[in-house]
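Novice: First the structure, which I've put down as structure tokens, then a few questions once you've had a look.
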Amino acid sequence: LVVIPLLPVVLAFQGSQAGDFTSLGILAPLSAFILAWSISADVSYDNTAFALHLATGVRGVADRLGRALACLAFALPVVLVFALGYSALTGDWAGLPGQLGLSLGILFTGLGLSSVVSARYTVAVPLPGDSPFKKPPGNVGQTLAVQFGGLLVLMVLVLPQAGLLVAQVVTGNYLFGWINLSAGTVLGLVLFVLGVRLGGKWLDARGPELLAQVSVNR
51 LVVIPLLPVV LAFQGSQAGD FTSLGILAPL SAFILAWSIS ADVSYDNTAF
101 ALHLATGVRG VADRLGRALA CLAFALPVVL VFALGYSALT GDWAGLPGQL
151 GLSLGILFTG LGLSSVVSAR YTVAVPLPGD SPFKKPPGNV GQTLAVQFGG
201 LLVLMVLVLP QAGLLVAQVV TGNYLFGWIN LSAGTVLGLV LFVLGVRLGG
251 KWLDARGPEL LAQVSVNR
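With this note's numbering, the residue at position 41 of the sequence shown is 91, and numbering never jumps.
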């Protein structure tokens with residue numbers, strides 16, 4: 051949440067120095083990724099408070115969907131504003147559908163993937179009350195594997211949208227942008243639903259195990 055408002059400032063400053071604001075084109079998809087991936091360690095950040103979810107019998111699907119929708123309520127307007135702002139700044143309204151297709155695909159797909167990852171793996175995160183820059187020792191290898199592995203999986207899942215955007219840029223045919231908008235939204239939502247359901251299933255099956263793992267450091 052701290053990084054997101056700084057992104058347009060940094061990219062706009064860079065563009066003003068170079069006299070070219072093309073770099074702002076990555077603002078919407080980059081923000082979509084950062085915000086979607088921000089809940090990939092939500093259970094780890096819960097720490098021992100995760101016991102409340104188990105004690106109250108919250109269904110895994112409800113837990114996954116609630117966390118994802120809470121993030122989406124903030125992330126979706128931000129991504130839309132950044133995409134529209136870039137088109138307004140550059141005057142490239144014809145390229146807006148393609149950029150939105152990629153951004154929405156990353157956002158929905160990333161939220162679905164995060165819902166699965168956080169229900170399956172725990173990572174080393176700052177403990178409650180500690181500095182956000184302080185992480186407990188141990189679990190470093192798994193943390194790196196989960197983060198980089200998840201990034202690679204997300205890149206593979208959004209290849210169709212990325213490919214359509216590249217085709218639009220190379221051919222100059224903006225029809226690819228409209229196809230991208232449809233494909234990105236539909237595929238993203240499908241993967242979002244599948245991720246929430248699979249993550250919920252794993253959360254139901256591994257709830258006590260997850261609580262034991264996040265209770266190690268406290």
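We put the beta carbon where it would ideally sit given N, CA and C, even for glycine. Values in this document were obtained by computation on a predicted structure and should not be read as measured data.
(1) For L177, which option in N97, R114, D113, L51 has the closest C-alpha, if you only look at C-alpha atoms?
(2) Counting Cβ pairs closer than 8 Å, one from the stretch 109-119 and one from the stretch 158-176, do we hit at least three?
(3) For a test of the three-state rule: what should DSSP assign to S81, helix, strand or coil?
(4) Let's see if you can read the secondary structure: which residues bound the alpha helix (DSSP H) around G107?
(5) Just checking my contact of G151 with G75 at CB under 8 Å: how many whole Å lie between their CB atoms?
(6) Among A144, S73, P186, L102, which one has its Cα closest to the Cα of N223?
(7) Count the CB pairs spanning the stretch 152-159 and the stretch 190-210 that are closer than 8 Å, and state whether there are at least three.
(8) Taking the continuous alpha helix (DSSP H) assigned at V266, which residues delimit it?
(9) Figure out for me which residue from L77, G69, Q67 has the closest Cα to the Cα of P58.
(10) Do I89 and I54 count as a contact pair if the criterion is CB distance below 8 Å?
(11) May I ask you to report which of helix, strand or coil DSSP gives I229?
(12) For the 8 Å Cβ check, are there 3 or more pairs between the stretch 119-126 and the stretch 195-205?
(13) Determine the closest residue to G141 out of W87, T106, A91, F71, with distance taken between C-alpha atoms.
Specialist: Taking the structure as given:
(1) Here residue 177 refers to the residue found at position 127 of the sequence shown. Selected option, being the one with the closest Cα: N97.
(2) yes
(3) Sequence index remark: in the sequence shown, residue 81 carries index 31 (1-based). Here S81 sits in helix by DSSP.
(4) On the sequence shown, residue 107 is found 57 positions in, with the first residue counted as 1. First-last for G107: undefined, no H or E at that position.
(5) Reading the sequence shown from its first residue, position 101 is the one you call residue 151. Reading the sequence shown from its first residue, position 25 is the one you call residue 75. Not really, about 13 Å apart at Cβ, beyond 8 Å.
(6) Position 173 of the sequence shown, counting from 1, holds the residue named residue 223. Selected option, being the one with the closest Cα: A144.
(7) yes
(8) The residue you call residue 266 lines up with position 216 of the sequence shown. Segment: none, V266 is in no alpha helix (DSSP H) and carries neither H nor E.
(9) On the sequence shown, residue 58 is found 8 positions in, with the first residue counted as 1. Checked all of L77, G69, Q67; the closest Cα to P58 is L77.
(10) Counting from one through the sequence shown, the residue named residue 54 turns up at place 4. Counting from one through the sequence shown, the residue named residue 89 turns up at place 39. No; because the gap between Cβ atoms is not below 8 Å, this pair is not in contact.
(11) Translated into positions along the sequence shown, residue 229 becomes position 179. Note: I229 maps to helix in three-state DSSP.
(12) no
(13) For this step, residue 141 is matched to residue 91 along the sequence shown. The option with the nearest alpha carbon to G141 is F71.
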